[in-house]
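One line per chain: the protein sequences are S and A, in this order. The working numbering applies: residue 1 is where the first sequence begins, and numbers increase by one. The working numbering applies: residue 1 is where the second sequence begins, and numbers increase by one. C-beta: ideal position from N, C-alpha, C; glycine also. Right, one structure below, let's go through it.
There are 2 protein chains.
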Amino acid sequence: MSDVARLAGVSIKTVSRVVNDEPAVHPDTAERVVAAIEQLGFRRNLGARNLRRGSTTGTIGLIVEDVGNPFYSELNRAVERIATSFGRHVLTGSSEENSDRERELALEFCARRVDGILVVPAGMQHGYLVPEMRAGTPVVFLDRPAGDIVADTVLVDNLGGTIDAVTHLVRHGHRRIAFLGDSPDIFTAAERLRGFREGCVRNGVSYDESLVVMRTPTPETIAHAVATLLTGPSAATAVIAGNNRVAVHLLRALAHAEHRPAMVSFDDFELADLLDPPVTVVAHDVSALGHAAAELLFARIQGDQSAPRKVVLPVHLVARGSGEVAP
Amino acid sequence: MSDVARLAGVSIKTVSRVVNDEPAVHPDTAERVVAAIEQLGFRRNLGARNLRRGSTTGTIGLIVEDVGNPFYSELNRAVERIATSFGRHVLTGSSEENSDRERELALEFCARRVDGILVVPAGMQHGYLVPEMRAGTPVVFLDRPAGDIVADTVLVDNLGGTIDAVTHLVRHGHRRIAFLGDSPDIFTAAERLRGFREGCVRNGVSYDESLVVMRTPTPETIAHAVATLLTGPSAATAVIAGNNRVAVHLLRALAHAEHRPAMVSFDDFELADLLDPPVTVVAHDVSALGHAAAELLFARIQGDQSAPRKVVLPVHLVARGSGEVAP
DNA sequence: CGCCATTATGACAACGTTGTCTCCTCATGG
DNA sequence: CCATGAGGAGACAACGTTGTCATAATGGCG
């Protein structure tokens, strides 16, 4: 800036006035300054500006499990859309389902003075965020709740959705239903398992623990579950996939089976409607989840001091055929 | 920091020493300082730190068309992985295929003093980046080249891949092949169209412009193209989808047709292998694209001054069945 | 016992901006 | 001809850090 000032023959304050469109600068002076800026390729340093003005940095942090997972990238997009409408940018980070990494990212973002943080938590302990929140960085949890602190949270109806899935299958005559979920350490997985159990109870089907597998979905774990639970004379006649990753691996594991059992997937996923038969899913609006959480975050950023809110978004079962297969 | 200093009864410089793990601080003093930091929830301001040290901000910018598109989110993930290994964070932005928005994002990122920028360009004019690059912000273009400047670029072999697709279809007896591509303003779309034409020539098939549609893929535009080119007695017997968006819309438009023409998609996509018949694709390694571009960017950030590089990554045709349908 | 090297600490400036205050000039009106 | 005020511009401090240098207290050694 001082280079620009020297070249234009003015003080740096005048340059500052020009770049900030402040009034009371003579047009001729402004023109000289603009020319100098142009010539030197000057771009003001936003970091210094924010420091001096004590203003916000104009960024928010988003921590998810994996920005490459279509579920989270849709979330990312929804958040970005809201952020842009508030003139903010988004710093993203993947926790890789590792609570240390989550913590590291969150604290790093705070040190960068983001205006707020959206977290899909990996861990169950969030006490480390209390000082940051007290210091004025709002935090909103989404998809999963905070472990041990009270904070704004936006969830989907995991419990109800899974109950619906069970009910749907039972209505189509199934009594032996398997449940393949993600690691039970993950809130949504545990909650959906709870829904599965509750669904069994409500529908008068005995809950059979031997038909449940809760493990991080990989081609191997799912293939093994298929071999154990969905093969042979005592196989389950229907299966519920606990999330989109499980569903995809499950479909692949079943691709060459002579008979695909009835199936419902929690989470919709692209092309589910084009498979044969199309996959019945418990769908939820991922964009709505991102929107709701981001809107809540910006309300906090703009000073909303009301009590922490907990929002639960509805889900709905989309019957497409795979759940209607007779036992 | 001064609050911490006061509470600990030391100077702020000593606090600085403690938070930076500098030697020559008495253990007792350090302990008092740490306690004060703990008590006040102090977190150092990285913005101020970077300003004073003149060091990098530890962030890189990534501009893509849409962070929610699985293609770009996989790219995002690959970039993040490299960035993390270099201790950097990623600021992302979606240009929405709008060159003004791309420019706005890029200049904003520069003003934030990111260490470098990765751009999947939306526009064809990038002169605006020249001053920034001269000022020391490296820029690497990926998936598409810069419009009117010389810069590092990482592309995939669009031309060769589409030629392969045509060859594959011709080998299976097709002579009337349709091509559905994205808007011809997009480099990759134009390049793939060029590959289509070249493929026709090389395989002795007459290039028929009436079998080509180049438009932003939406359910409507694709349905219209299907009605026009893939229906009726003079319909093409095979079709090439110019990218994953086109492919998905195309599959949906064809879902209820009595007969699905032979098909090859440029870009692989999840579940392509599980459709009936599985979709033959021209696959390229999106992660490799992101990795290569990010590695190149970090080489520049670390001072590599060699001439701008242009990298073209190979693609390979994955035959799955949909391209093997007889005409 | 005095000197020097070492250790521990603080004062101060600087990073690149912007807010506040002050100063100067010139036109206007009485 | 002077008081008034508006318009234009600069000096200076401050934002929260850290690098440089200076200073004070310690201990070892001749």
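Closer than 9 Å to the CB of ARG77/A there is at least one CB belonging to chain S. For ARG53/A, no Cβ of chain S is located within less than 9 Å of the residue's own Cβ.
Judged by DSSP secondary structure, ALA78/A falls outside any beta strand (DSSP E) and instead within the alpha helix (DSSP H) spanning 70-85. Short of 7 Å from the beta carbon of ARG197/S, and not among the five residues preceding or following it, lie these beta carbons of its own chain, in chain order: TYR207.
Contact between THR92/S and THR59/A is absent: CB atoms are separated by about 11 Å, not below the 8 Å threshold. Boundaries around SER265/A are those of the beta strand (DSSP E), 262-266, since no alpha helix (DSSP H) includes it.
Using a Cβ-Cβ distance cut-off of 8 Å, the region 276-288 of chain S and the region 250-265 of chain S are in contact, since at least three pairs of beta carbons, one from each stretch, lie closer than that value.
Close to chain S, meaning a Cβ-Cβ distance shorter than 7 Å, are the following residues of the region 243-263 of chain A: VAL248, LEU251, ARG252, ALA255. Counted as a single uninterrupted DSSP element, the beta strand (DSSP E) harbouring ALA283/A occupies residues 280-283. The three-state reading of DSSP puts ALA178/A in strand, counting E and B together. The C-alpha of VAL34/A is placed about 35 Å away from the C-alpha of ALA293/S.
Taking a Cβ-Cβ cut-off of 8 Å, the neighbours of ALA135/A in chain S comprise GLY41, ARG43, given in sequence order. Each residue's CA atom was taken as its position, placing ASP66/A and VAL201/S some 44 Å apart. Cβ contact annotation for ALA165/S (same chain, cutoff 6 Å, sequence separation greater than five): ILE240, VAL264, VAL282, in chain order. With the criterion set as a beta carbon lying under 9 Å from some beta carbon of chain S, the members of the region 68-97 of chain A are GLY68, ASN69, PRO70, TYR72, SER73, GLU74, LEU75, ASN76, ARG77, ALA78, GLU80, ARG81, THR84, HIS89, VAL90, LEU91, THR92, GLY93, SER94, in sequence order. Taken atom to atom, the span from the alpha-carbon of VAL119/S to that of LEU75/S is near 11 Å. The C-alpha of GLU96/A lies about 30 Å from the C-alpha of GLU97/S. When the alpha-carbon of HIS291/A is set against those of TYR72/A, LEU46/A, GLY123/A, LEU7/A, the nearest one is in TYR72/A. Here LEU254/S has VAL226, ARG260 as same chain residues with Cβ atoms under 7 Å from its own Cβ, once five neighbours each way along the sequence are excluded.
Neighbours of ASP276/S across chain A, judged by C-beta separation under 7 Å: ASP276. In the three-state scheme derived from DSSP, where H, G and I count as helix and E and B as strand, HIS316/A is classed as strand.
DSSP places ALA238/S within a strand segment (E or B) once states are collapsed to three. The region 126-142 of chain S makes contact with the region 32-51 of chain A; the number of CB pairs closer than 8 Å reaches 3 or more. Contact between the region 176-184 of chain A and the region 214-223 of chain A is established, with three or more Cβ pairs separated by less than 8 Å.
Excluding sequence positions up to five before and after PHE42/A, its CB lies within less than 6 Å of the CB of VAL4, all in the same chain and listed in chain order. Close to ASP185/A, with beta-carbon spacing below 8 Å, lies no residue of chain S; the smallest spacing is near 22 Å. Using a Cβ-Cβ cut-off of 7 Å, ALA48/S is close to LEU51 of chain A, given in chain order.
Neighbours of LEU271/A in chain S, taken as residues at a C-beta separation under 9 Å, are given in chain order as VAL248, LEU251, ARG252, PHE269, GLU270, LEU271, ALA272, LEU274, LEU275. Within chain A, no residue has its CB atom less than 8 Å from the CB of GLU31/S, the nearest being about 19 Å off.
What ASP66/A touches in chain S, judged by beta-carbon distance under 8 Å, is ARG77, going in chain order.
GLY232/A and PRO327/A have their C-alpha atoms some 14 Å from each other. Less than 9 Å divides the Cβ of PRO308/A from the Cβ of ASP152/A. Listed along the chain, the chain S residues whose CB falls inside 7 Å of the CB of PRO131/A are GLY41. Assignment of GLY160/S by DSSP, reduced to helix, strand and coil, places it in the helix class. Using a Cβ-Cβ cut-off of 8 Å, ALA111/A is close to ARG43, ARG44, ASN45, LEU46 of chain S, given in chain order.
The continuous beta strand (DSSP E) containing VAL119/A extends over residues 117-119.
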